[in-house]
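The sequence shown begins at 1385 in the numbering used here and counts up by one. Cβ coordinates follow ideal geometry from the N, Cα and C atoms, glycine included.
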Amino acid sequence: MSNPLLSLSSHSLPQLDATSDGQSRMTRVVSKYFNRAADILNLDPNYRLILGLPSRELAVNLPVQLDSGEIHIFPGYRVQHHVAMGPMQGGLRYRPDLTLDDLRALALWATLTAAVADVPFGGSMGGIVCDPSTMSSQELERLTRRYVVEILDIIGTERDILSPDFSTDQQVMAWIMDTYSMHARQTVTAIVTGKPLELGGSHGSHESIGYGVWCLLDAALKHLGRQPTQTSVAIQGAGRRGGSAAVLLHEAGYNVIAITDSGGGVYRPDGLNIPDVLDYFTRTGSLAGYKEADALTDAELLSLDCDVLVPAYLQNQITADNVKNLRCRILCEAAYGASTSEASEVLDNSDIYVIPAIMGESGGIIVRYFEWVQNRIGFRWRRHIVLERLRDRVVAMYRNVVKVGEEHSVSLREASYILGVQHMGRDLSLRGIYA
């Protein structure tokens, strides 16, 4: 007797379509390369259908009392993509321009990153439509706790684990852990990663993406026959991602010549004193006004003549309008969707060596996995152990993606999608379809 689910045609349900109207730029990128990888792999159409859609989407309305006494309703979301590889894990972001479509793309990217990095997690992503810069700490705490209560039924240490993303941090994770624990009537540290060290966080968590970028660049330079001490680097983003990458690369002998944040940036062709720059950034909240280097805009940073460019800020930074202005030799994306679909197509046909965000973000998801494991066994690893295991995983991932790229004669971006889709499809095939 035939299985009715497996007899579905590719038109029975909506699926990833890189040309659909109304999709965000991020969705168009992930759709295009997901479908391209599925084509190369000759993926079963039914598996393409299942893997191309989130398994669950939850939308909630969050009534929160502001300090003024006014009640404001904030829209919130949680998208859970794929559970075949293990419990889902993904970030929580607070942004006024947040869309559900963006979260769908980010959840799929999280699954692909876990698959490429060989981490037993599925991907998820959540967010609240708000402007945290206009809210007090008390308002953000009330908002966070209300969000946790509204999504309580779909998260858990074996279901979906939350982590910091843009505009959320260790403190937000602590509020989430406490709220969940109060309802569980016991302390549940493993419900979040990226939390304070004092509450069960992991060494290396704050710097994980930056450390992963450093490991990737070391592996890429070795592969390409270049030396770190002869490599100039420009970084877009001075926060948790870009700032940590800047410090680590500077300490390793790379020549970090430029760095920007949302309020501007600084440039010095013979190299910045990164510790001093970031100390200024921490004290003032901006790079504007730093006197020991020239001022620089994001647009100017993206067009700098440099060996390595690291976009580590937000999506849609490299577009069809500015991609032809890039003068870097290596582009290491440290933020999902850093390049739009149109820009990615140009980069695929250029001489720029692109390390895609699926790889550039991998340090984060690897250390989140390590933190989850440590919470579950009740034992904290030392910092050097965490970072050593992180480097081993990132270097192995780089070699695997390069091997796939050589086998299929494709770019690292396409190879990372092929490896990720292959892993996802394998696990789904082994587990089967429950219906």
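N- and C-terminal bounds of the alpha helix (DSSP H) containing residue i
i: Pro1459; result: No alpha helix (DSSP H) holds Pro1459; the beta strand (DSSP E) holding it covers 1455-1464.
i: Gly1475; result: Looking at the DSSP string, Gly1475 is not in any alpha helix (DSSP H); the run it does join, the beta strand (DSSP E), is 1472-1479.
i: Ile1434; result: 1429-1435
i: Val1448; result: Unbroken run through Val1448 is the beta strand (DSSP E), 1440-1449; no alpha helix (DSSP H).
i: Lys1787; result: 1767-1792
i: His1567; result: 1554-1568
i: Ile1750; result: 1746-1761
i: Thr1573; result: It is not in any alpha helix (DSSP H) - Thr1573 carries neither H nor E in the DSSP assignment.
i: Asp1502; result: Looking at the DSSP string, Asp1502 is not in any alpha helix (DSSP H), and its letter there is neither H nor E.
i: Val1730; result: 1725-1732
i: Ser1415; result: 1409-1425
Option in the options with minimal Cα separation from residue i
i: Lys1708; options: Leu1812, Leu1731, Ile1749; result: Leu1731
i: Ile1676; options: Leu1710, Phe1665, Leu1685; result: For clarity, residue 1676 is Glu in the given sequence; the question names Ile instead. Closest option to Glu1676, Cα to Cα, is Phe1665.
i: Glu1582; options: His1768, Leu1442, Phe1763; result: Phe1763
i: Met1566; options: Leu1536, Thr1552, Glu1729, His1587; result: Leu1536
i: Ala1718; options: Met1781, Leu1600, Leu1803; result: Leu1600
i: Ile1739; options: Thr1703, Val1467, Glu1798; result: Glu1798
i: Glu1755; options: Ile1424, His1587, Ser1415; result: His1587
i: Ala1563; options: Arg1530, Glu1542, Gly1453; result: According to the sequence shown, residue 1563 is Thr rather than Ala. For Thr1563, the nearest C-alpha among the options comes from Arg1530.
i: Ile1545; options: Cys1716, Lys1579, Gln1522, Ser1521; result: Lys1579
i: Ile1822; options: Ser1415, Leu1608, Val1414, Leu1425; result: The displayed coordinates of the chain run from 1385 to 1819. Any statement about residue 1822 would go beyond what the structure contains.
i: Ser1441; options: Tyr1818, Asp1654, Val1788, Gly1510; result: The sequence shown places Glu at residue 1441, not Ser. The candidate whose alpha carbon is nearest that of Glu1441 is Gly1510.
i: Ala1727; options: Asp1735, Asn1700, Gly1744, Cys1712; result: Asn1700
i: Ile1434; options: Phe1550, Pro1447, Asn1419; result: Asn1419
i: Arg1713; options: Leu1608, Thr1541, Gln1554; result: Leu1608
i: Asp1654; options: Tyr1782, Val1757, Val1640, Leu1796; result: Val1640
i: Gln1555; options: Thr1571, Arg1569, Thr1577; result: Thr1577
i: Leu1710; options: Tyr1697, Ile1736, Leu1605; result: Ile1736
i: Asp1553; options: Ala1568, Glu1542, Ser1521; result: Ser1521
i: Leu1686; options: Ser1670, Asp1663, Gly1649; result: Gly1649
i: Ser1670; options: Leu1715, His1465, His1456, Ala1622; result: Ala1622
i: Gly1540; options: Ser1517, Asp1549, Ser1508, Thr1518; result: Ser1508
i: Ala1422; options: Leu1496, Gly1470, Val1448; result: Leu1496
i: Ile1761; options: Ala1780, Arg1815, Gly1584, Tyr1782; result: Gly1584
i: Arg1773; options: Asp1811, Thr1613, Leu1698, Ser1589; result: Ser1589
i: Met1743; options: Thr1724, Gln1614, Ala1780; result: Ala1780
i: Ile1643; options: Tyr1697, Gln1449, Val1597; result: Tyr1697
i: Arg1543; options: Asp1602, Ala1489, His1465, Ala1603; result: His1465
i: Leu1484; options: Gly1470, Gln1473, Gly1460, Pro1471; result: Gly1460
i: Arg1610; options: Tyr1638, Leu1771, Arg1625; result: Tyr1638
CB-CB length for residue i against residue j, believed under 8 Å
i: Val1532; j: Ile1512; result: About 11 Å separates the two Cβ atoms, so there is no contact after all.
i: Ser1813; j: Val1778; result: With 8 Å as the limit, Ser1813 and Val1778 do not qualify as a contact, their Cβ atoms being about 27 Å apart.
i: Leu1487; j: Val1463; result: 4 Å
i: Asp1678; j: Tyr1651; result: 5 Å
i: Gly1825; j: Ala1468; result: The displayed coordinates of the chain run from 1385 to 1819. Any statement about residue 1825 would go beyond what the structure contains.
i: Ala1499; j: His1807; result: 4 Å
i: Glu1534; j: Val1444; result: 4 Å
i: Ala1704; j: Ala1722; result: That pair is no contact at about 14 Å.
i: Leu1527; j: Phe1458; result: 6 Å
i: Ala1491; j: Pro1438; result: 6 Å
i: Ala1568; j: Asn1759; result: Between Asn1759 and Ala1568 the Cβ distance is about 14 Å, and since that is not below 8 Å, they are no contact.
i: Tyr1431; j: Gly1809; result: 5 Å
i: Val1786; j: Ser1800; result: Between Ser1800 and Val1786 the Cβ distance is about 10 Å, and since that is not below 8 Å, they are no contact.
i: Ala1629; j: Gly1647; result: Going by Cβ atoms, the distance from Ala1629 to Gly1647 rounds to 19 Å, so no, they are not a contact pair.
i: Pro1516; j: Ser1547; result: About 17 Å separates the two Cβ atoms, so there is no contact after all.
i: Ala1603; j: Tyr1782; result: 4 Å
Terminal residues of the beta strand (DSSP E) in which residue i lies
i: Ala1604; result: Per DSSP, Ala1604 belongs to no beta strand (DSSP E); it is in the alpha helix (DSSP H), 1592-1608.
i: Val1617; result: 1616-1620
i: Ile1739; result: 1737-1739
i: Ser1813; result: Per DSSP, Ser1813 belongs to no beta strand (DSSP E); it is in the alpha helix (DSSP H), 1796-1815.
i: Leu1546; result: 1544-1548
> Which parts of the region 1505-1537 are runs of the alpha helix (DSSP H), unbroken and 4 residues or longer, counting only runs that do not cross its ends?
Replying inline: 1521-1535, all fully within the region 1505-1537.
>> Could you check whether the region 1738-1752 touches the region 1589-1608, counting it as contact only if at least three pairs of C-beta atoms, one from each stretch, sit closer than 8 Å?
In response: yes
>> Tell me whether the region 1634-1645 and the region 1653-1660 touch, counting them as touching only if at least three CB pairs, one residue from each stretch, are closer than 8 Å.
In response: The region 1634-1645, when compared against the region 1653-1660, does touch it at the 8 Å Cβ threshold.
>> For the region 1686-1695 against the region 1602-1621, do three or more pairs of beta-carbon atoms, one drawn from each stretch, fall closer than 8 Å, so that the two count as touching?
In response: yes
> Along the chain, which unbroken stretches of the beta strand (DSSP E) at least 3 residues long are found entirely within the region 1625-1656?
Replying inline: 1639-1645, 1648-1651
> At what residue ranges does the region 1648-1716 contain a whole run of the alpha helix (DSSP H), taking only runs of 4 or more?
Replying inline: Qualifying alpha helix (DSSP H) stretches, in chain order: 1658-1668, 1682-1686.
>> Does the contact criterion of 3 or more C-beta pairs under 8 Å hold for the region 1471-1482 versus the region 1409-1426?
In response: No contact exists between the region 1471-1482 and the region 1409-1426.
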